[in-house]
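For reference, the structure is listed below as structure tokens.
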Amino acid sequence: MEKLSEVVQAFNPLVGTRIVMVMCSTNNTIDIFHQIRARTLESVFLQWIVILEEDIIADLQVLLREGAQTTIVFRNNSISENTKLTIYNSYIEDHFDVRFQEIGVWRRGQGQLRSPLVPNIFDIYKDFHGRTITGKKVLKGHPVLSLKGIPEYIHILAQKASHLLTQLFKVLPNLHIRLTMPADRKWGGPEADGSISGFIGLVARHEAHVAAGRITMTYERETVTDFTYPHTIENVIIFSPSPDELSRTFAIFSPYSAWVWLLIIMTVALMGPFLTLLNYPIM
């Protein structure tokens, strides 16, 4: 299981969605998904394909959380010419419960799928069906997003983050957001004692669904949460003092320092006596 954790957590955004196939005994399959839940190995960049010979779909529904996209291939009878495979994909109900729906069947030489075996993550979240996601409230002292509570709603006074939320509401219909704050008021990340602090911890422990803000993407944080691609890029500018305007009268002397000019003058002054000594006849 440690090896599986390393593979799952070695995220590379350039690779995109990775597929993990589980094909083992019933007990081991259940144990794997117990560990996925305990170690918070859910990721939108992973698609689990599980091969089953026993109907344990109800057991997996209890173990799975949002973020563990799973496809089940269930063999209904013994291996023969009439072997039938039923294929299921996971989906999220209104209250964030994971359920499975049949998407197709396969028999020897023929098969039919009503939806992709590995669904596109953007298709999964095209419609939130009125669900409320919990988001992290930005920390005091970092005014990317400031919030003012009003009885009927939360008025957002914002800069870049409000634009991000506005765009989210446009492209994700039927979406509601509830804002929360980490108790330790930190950006957070994995700690030496094994805990996960700050709002990174809220997301890693599934106490919040998403966190938005200006935060550095580090390897340690990527082992416990998934980062989106950055939506803002801050320019890094190097400043230097602007040169003062020089007098036009002495502009000819500006290319060299005073020491260089002194050496030039000394060289010219000593050139005459030096050449005279070179040409002086030896008696």
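Heads up, the sequence shown is in my numbering, so the first residue is 1025 and it goes up one at a time. For every residue, glycine included, the Cβ atom is placed at its ideal position computed from N, Cα and C.
Quiz item: How big is the Cα-Cα spacing for serine 1219 and glycine 1225?
Solution: Against the sequence shown, residue 1219 aligns to sequence position 195. Against the sequence shown, residue 1225 aligns to sequence position 201. If you take the alpha carbons of serine 1219 and glycine 1225, they lie about 8 angstroms apart.
Quiz prompt | lysine 1108 - partner residues in DSSP beta bridges | solution = Your numbering for residue 1108 matches position 84 in the sequence shown. Beta-bridge pairing links lysine 1108 to Arg1131.
Practice problem: Tell me methionine 1045's beta-bridge partners as DSSP assigns them. | Solution: Against the sequence shown, residue 1045 aligns to sequence position 21. According to DSSP, methionine 1045 shares a beta bridge with Ile1073.
Quiz item: Whose CA, out of His1058, Ile1060 and Phe1223, lies closest to the CA of aspartate 1208?
Solution: One-based indexing of the sequence shown puts residue 1208 at position 184. Ranking His1058, Ile1060 and Phe1223 by Cα distance to aspartate 1208 puts Phe1223 first.
Quiz item: By Cβ distance below 7 angstroms, which residues in the same chain neighbour histidine 1230 in space, the five residues on each side in sequence not counted?
Solution: By one-based count along the sequence shown, residue 1230 stands at place 206. A distance below 7 angstroms between beta-carbons, with the five flanking residues on each side excluded, links histidine 1230 to the following residues of its chain, in chain order: Arg1089.
Quiz item: When the Cα of isoleucine 1201 is compared with those of Gly1296, Ala1232 and Thr1053, which residue comes out closest?
Solution: If you number the sequence shown from 1, residue 1201 lands on position 177. Measuring from the Cα of isoleucine 1201, the nearest candidate turns out to be Ala1232.
Self-check item: Residue nearest to isoleucine 1127 in terms of C-alpha spacing, selected from Asp1121, Tyr1115 and Gly1133
Solution: In the sequence shown, residue 1127 corresponds to position 103, counting from 1. Ranking the options by Cα distance to isoleucine 1127, first place goes to Tyr1115.
Quiz item: Rounded to the nearest angstrom, how far is the Cβ of isoleucine 991 from that of valine 1122, given a contact under 8 angstroms?
Solution: Outside the modelled stretch of the chain, which goes from 1025 to 1307, sits residue 991, for which no answer is possible.
Quiz item: For threonine 1095, which three-state DSSP category applies?
Solution: Position 71 of the sequence shown, counted from the start, is the residue given in the question as residue 1095. Three-state DSSP puts threonine 1095 in a strand.
Self-check item: Option nearest methionine 1241 by Cα separation, candidates Gly1213, Met1047, Gln1071 and Asp1055
Solution: By 1-based counting over the sequence shown, the position of residue 1241 is 217. Comparing Cα-Cα distances from methionine 1241 to each of Gly1213, Met1047, Gln1071 and Asp1055, the minimum goes to Gly1213.
Quiz prompt | Same chain only: Cβ atoms within 6 angstroms of glutamine 986, ignoring 5 sequence neighbours per side | solution = Lying outside 1025 to 1307, the shown extent of the chain, residue 986 is not represented and no answer is given.
Self-check item: Under 8 angstroms between C-beta atoms of phenylalanine 1098 and leucine 1076
Solution: Indexing the sequence shown from 1 puts residue 1098 at position 74. Indexing the sequence shown from 1 puts residue 1076 at position 52. Closer than 8 angstroms, so yes.
Quiz prompt | Cβ shell of proline 1206 (< 6 angstroms), same chain only, five flanking positions each side left out | solution = For the purposes of this step, residue 1206 is taken as the residue at position 182 of the sequence shown. Cβ neighbours of proline 1206 beyond the five flanking positions: Gly1222, Phe1223 and Leu1226.
Exercise. With DSSP as the reference, please indicate the residues paired to glutamate 1126 in a beta bridge.
Key: Looking up residue 1126 in the sequence shown gives position 102. The partner list for glutamate 1126 (beta bridge, DSSP) reads Tyr1112.
Quiz prompt | Close-in-space but distant-in-sequence residues of the same chain around histidine 1058 (CB under 8 angstroms, 5 per side omitted) | solution = Taking the sequence shown and counting its residues from 1, the one referred to as residue 1058 is at position 34. Taken in chain order, the residues that qualify are Leu1087.
Quiz prompt | Host alpha helix (DSSP H) of aspartate 1055 (start-end) | solution = As a first step, residue 1055 must be located in the sequence shown, where it is residue number 31. Start and end: 1050-1062.
Practice problem: Tell whether a beta-carbon distance below 8 angstroms holds between valine 1248 and alanine 1228. | Solution: Here the question's residue 1248 lines up with position 224 in the sequence shown. Here the question's residue 1228 lines up with position 204 in the sequence shown. Result yes, Cβ atoms of valine 1248 and alanine 1228 sit closer than 8 angstroms.
Quiz item: Hey, phenylalanine 1069 and isoleucine 1096 are a contact pair by Cβ (cut 8 angstroms); roughly how many whole angstroms apart?
Solution: Here residue 1069 refers to the residue found at position 45 when the sequence shown is read from its first residue. Here residue 1096 refers to the residue found at position 72 when the sequence shown is read from its first residue. About 20 angstroms separates the two Cβ atoms, so there is no contact after all.
Quiz prompt | Of the listed residues Glu1078, Thr1107 and Ile1060, nearest to serine 1049 (C-alpha basis) | solution = Taking the sequence shown and counting its residues from 1, the one referred to as residue 1049 is at position 25. When each option's Cα is compared against that of serine 1049, the closest is Glu1078.
Quiz item: What does leucine 1137 pair with, by DSSP beta-bridge criteria?
Solution: As a first step, residue 1137 must be located in the sequence shown, where it is residue number 113. Looking at the DSSP assignment, leucine 1137 forms a beta bridge with Gly1128.
Exercise. Determine the burial state of asparagine 1303: buried for a count of at least 16 other Cβ atoms within 10 Å of its Cβ, exposed for fewer.
Key: The residue given as residue 1303 occupies position 279 in the sequence shown. Exposed: under 16 other Cβ atoms inside 10 Å.
Quiz item: Which of the three DSSP states, helix, strand or coil, is assigned to valine 1234?
Solution: For the purposes of this step, residue 1234 is taken as residue 210 along the sequence shown, with counting starting at 1. Valine 1234 falls in the strand class under three-state DSSP.
Quiz prompt | Supposed close pair glutamate 1066, isoleucine 1060 - CB separation, criterion 8 angstroms | solution = Here the question's residue 1066 lines up with position 42 in the sequence shown. Here the question's residue 1060 lines up with position 36 in the sequence shown. Yes, glutamate 1066 and isoleucine 1060 are in contact; Cβ-Cβ is about 7 angstroms, under 8 angstroms.
Quiz prompt | Cβ distance (whole Å) where tryptophan 1285 is taken to contact phenylalanine 1298 below 8 angstroms | solution = Taking the first residue of the sequence shown as 1, we reach residue 1285 at position 261. Taking the first residue of the sequence shown as 1, we reach residue 1298 at position 274. Between phenylalanine 1298 and tryptophan 1285 the Cβ distance is about 20 angstroms, and since that is not below 8 angstroms, they are no contact.
Exercise. In angstroms with no decimal places, state the Cα-to-Cα distance between leucine 1109 and glutamine 1136.
Key: In the sequence shown, counting from the first residue as 1, residue 1109 sits at position 85. In the sequence shown, counting from the first residue as 1, residue 1136 sits at position 112. When rounded, the distance between both Cα atoms is 11 angstroms.
Exercise. Determine the direct distance from the alpha carbon of asparagine 1052 to that of aspartate 1147, and round the result to whole angstroms.
Key: For the purposes of this step, residue 1147 is taken as residue 123 along the sequence shown, with counting starting at 1. For the purposes of this step, residue 1052 is taken as residue 28 along the sequence shown, with counting starting at 1. The straight-line gap from Cα to Cα measures roughly 31 angstroms.
Self-check item: Contacts around isoleucine 1081, its chain only, beta-carbon distance under 8 angstroms, and the 5 residues preceding and following it disregarded
Solution: Walking along the sequence shown from the start, residue 1081 turns up at place 57. Contacts found: Ile1096, Phe1098, Tyr1112 and Phe1124.
Practice problem: Classify isoleucine 1220 as helix, strand or coil using the three-state DSSP reduction. | Solution: Translated into the one-based positions of the sequence shown, residue 1220 becomes position 196. Of the three classes helix, strand and coil, the one that applies to isoleucine 1220 here is strand, per DSSP.
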